[in-house]
Each structure stands twice: as C-alpha cells, then as structure tokens.
Amino acid sequence: MAETTQEQQPTEAGPPASADELQLIAALRAGDEAAFVALVDRYHSMLLRLALMYVHSRAVAEEVVQETWLGVLQGLARFEGRSSLKTWIFRILTNRAKTRGQREGRSIAFSDLASAEAGLAETSVDPDQFWPADHPAWANIWVSYPRSWNELPEERLVARETLAKLRVAIAALPPAQREVITLRDIEGWSSEEICNMLIITETNQRVLLHRARAKVRRALEQYLNIEA
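Just so you know, the sequence shown maps onto residues 3 to 230 in my numbering.
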C-alpha cells in the first residue's frame, strides 16, 4: 500500500516545467493513458536504479517505484509546474525510498551526508604518487605521470569484468558521492538537475563528483594494473 502522507509530496524548486511538460501534465490530468505509459517508459528504469541506492533489495525498490507512480497520479492536481516534471517525480521517489531505507536502518538525511562528505578533508590522489614536499628538486611533483587510459585496449576497458569492477567501486562510495556520480555519469543528469533534485549547492555537487570520480578511477587503475 502506498503512503500518502503530506511530507511525501515534495516542494517544487528549480527551473519551471517546460512547455512540452505542461502539455504532458495536461494530458495526464485528462486521463490520457498513452501519455502515462510513455512517462513510465521514460523514467521507470532510472527510478528503479535510484531506489536501489536506498533500499536493500530489488523487490523493495520495485515497491517504492510503484508507490512513486501512484504518488505522481495522486499529486498531479497539486503540481504547479514550478519545477520540472522530472525533478518532481524523482523527489517523490527519493522521499519514499529514504523512508523505506530509514526503516531498514540504511539511510540518513541526504543533505547531512552531502555537507559532511563535501566538507571532509580528502585527498583525491594517493600522496605516495608524488615526491615529498622536502624533495630537493621535485617537491610535490608526480613520481611518474598517470598513464593515459587511451593506451589500453578498448576491449579491456569495456570487458564484463571491468564493468563489474566499476559497479563495485561505485557501490563502495560514501552515500552522497555514490548518488551524485550515479546521476551525473550513469544517468546523464546535468549539474543543475542534480542540485535541484538533491537540494544541494553547486559547490557541494562539484566536490562530491570530483571525489567520487577520483575514487572510482583509482579502483579501476588498481584493477587494470595501470602505473600511476
């Protein structure tokens, strides 16, 4: 059973709905089944992947996505178009997924995670890859420059084992970094869309993405035995 509590209807923030989205919203409100099917086809898989970041199992993630679509239908009359339809739908999803994740002891507030992770003093590259600061000639210079991935055979970069290692590396990231890199590099969201959906600053988004990419790259370099 989907939950319909007031807090699960997200506030609308960010760029307003486009003219095309407003037409789609009108069709949905008029009960156009084809319009709703097209909307589900567009976003269902992406919603499922995002839900899996908050809950333990695919079955629960599927339930969360179904609850999200029910929430969309129930909330259309109140949607004012002050954010994009996509942002609004995904906020419904994250609200519901976080609620389920919190029950399972998996999630805490994303804004708290994002601020904490962006504020941590982390090094993006292993310090051992540089000469020490007191080196007489090469202070803080690369011991050896990173090897270009272009030198690796393409079939190795796209091999099933490499892609599996990539997924493991992303799954091992701190939650806020994992969500930002997933939305940006896997789902193809713009920085603006990510900031609006997650309600974080552009600076935090940029820091989280940089750290996430650096950690994933480092994990793949170790797996591929690339000399750094």
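Every residue gets a Cβ at the ideal spot worked out from N, C-alpha and C, and that includes glycine.
Pull up the CB-CB distance for Leu175 and Ala216, whole angstroms please, since I reckon it's below 8 Å.
Position 173 of the sequence shown, counted from the first residue, corresponds to residue 175. Position 214 of the sequence shown, counted from the first residue, corresponds to residue 216. Not quite, the Cβ-Cβ distance comes to about 10 Å (not below 8 Å), so this is no contact.
Have a look at Gly103 and Gly77 and give me their C-alpha separation to the nearest angstrom.
In the sequence shown, counting from the first residue as 1, residue 103 sits at position 101. In the sequence shown, counting from the first residue as 1, residue 77 sits at position 75. The alpha-carbon atoms of Gly103 and Gly77 are separated by roughly 22 Å.
Check whether the stretch 54-69 touches the stretch 16-26, counting contact only when three or more Cβ pairs, one atom from each stretch, lie closer than 8 Å.
no
Contacting residues, own chain, Cβ-Cβ under 7 Å from Ile172 (five flanking each side not counted):
Within the sequence shown, residue 172 is the residue found at index 170, counting from 1. The residues are Arg180, Ile183, Thr184 and Val218.
Mind checking which residues open and close the alpha helix (DSSP H) that includes Gly103?
The sequence position of residue 103 within the sequence shown is 101, counting from 1. Unbroken alpha helix (DSSP H) run through Gly103: Leu87 to Arg105.
Alpha carbon of Val74 to alpha carbon of Ala178, nearest angstrom:
Your numbering for residue 74 matches position 72 in the sequence shown. Your numbering for residue 178 matches position 176 in the sequence shown. Distance between the alpha carbons of Val74 and Ala178: 25 Å.
To the nearest angstrom, how far is the alpha carbon of Phe92 from that of Ser85?
Translated into positions along the sequence shown, residue 92 becomes position 90. Translated into positions along the sequence shown, residue 85 becomes position 83. Near 11 Å, if we compare the C-alpha coordinates of Ser85 and Phe92.
What would DSSP say about Gly73, mapped onto helix, strand or coil?
Against the sequence shown, residue 73 aligns to sequence position 71. Gly73 falls in the helix class under three-state DSSP.
As assigned by DSSP and simplified to three states, the class of Pro177
In the sequence shown, the residue the question calls residue 177 occupies position 175. Helix, per DSSP.
How about Gly83 and Leu165: are their beta carbons less than 8 Å apart?
In the sequence shown, counting from the first residue as 1, residue 83 sits at position 81. In the sequence shown, counting from the first residue as 1, residue 165 sits at position 163. Not a contact, by the Cβ cut-off of 8 Å.
Hey, could you find the ends of the alpha helix (DSSP H) Phe38 is sitting in?
Locating residue 38 in the sequence shown gives position 36, counting from the first residue. Per DSSP, Phe38 belongs to the alpha helix (DSSP H) from Glu35 to Ala53.
Which word fits Ile234, buried or exposed, when buried means at least 16 other C-beta atoms lie within 10 angstroms of its C-beta?
Past the boundaries of the shown model lies residue 234; the chain is included only from 3 to 230, so the question cannot be answered.
Helix, strand or coil: how does DSSP classify Ile183 here?
As a working note, residue 183 is residue 181 in the sequence shown. Correct three-state label for Ile183: helix.
N- and C-terminal bounds of the alpha helix (DSSP H) containing Ile27
What you label residue 27 is simply residue 25 of the sequence shown in a count that begins at 1. Start and end: Ala21 to Arg31.
Taking just the CA atoms, how far does Thr101 sit from Arg31?
Mapped onto the sequence shown, residue 31 falls at position 29. Mapped onto the sequence shown, residue 101 falls at position 99. Cα-Cα distance, rounded: 27 Å.
Can you check whether the CB of Asn198 is closer than 8 Å to the CB of Thr89?
Stepping through the sequence shown from its first residue, residue 89 is reached at position 87. Stepping through the sequence shown from its first residue, residue 198 is reached at position 196. Taking 8 Å as the Cβ cut-off, Thr89 and Asn198 qualify as a contacting pair.
Alpha carbon to alpha carbon, how far is Leu41 from Leu26? Give it in angstroms, no decimals.
Translated into positions along the sequence shown, residue 26 becomes position 24. Translated into positions along the sequence shown, residue 41 becomes position 39. Rounded to whole angstroms, Leu26 to Leu41 spans 9 Å at the Cα level.
Are the Cβ atoms of Leu95 and Val57 separated by less than 8 Å?
Position 93 of the sequence shown holds residue 95. Position 55 of the sequence shown holds residue 57. No.
Thr203 to Arg186, Cα distance in whole Å?
Residue numbering aside, residue 203 sits at position 201 when the sequence shown is read from its first letter. Residue numbering aside, residue 186 sits at position 184 when the sequence shown is read from its first letter. Approximately 15 Å, taken between the alpha carbons.
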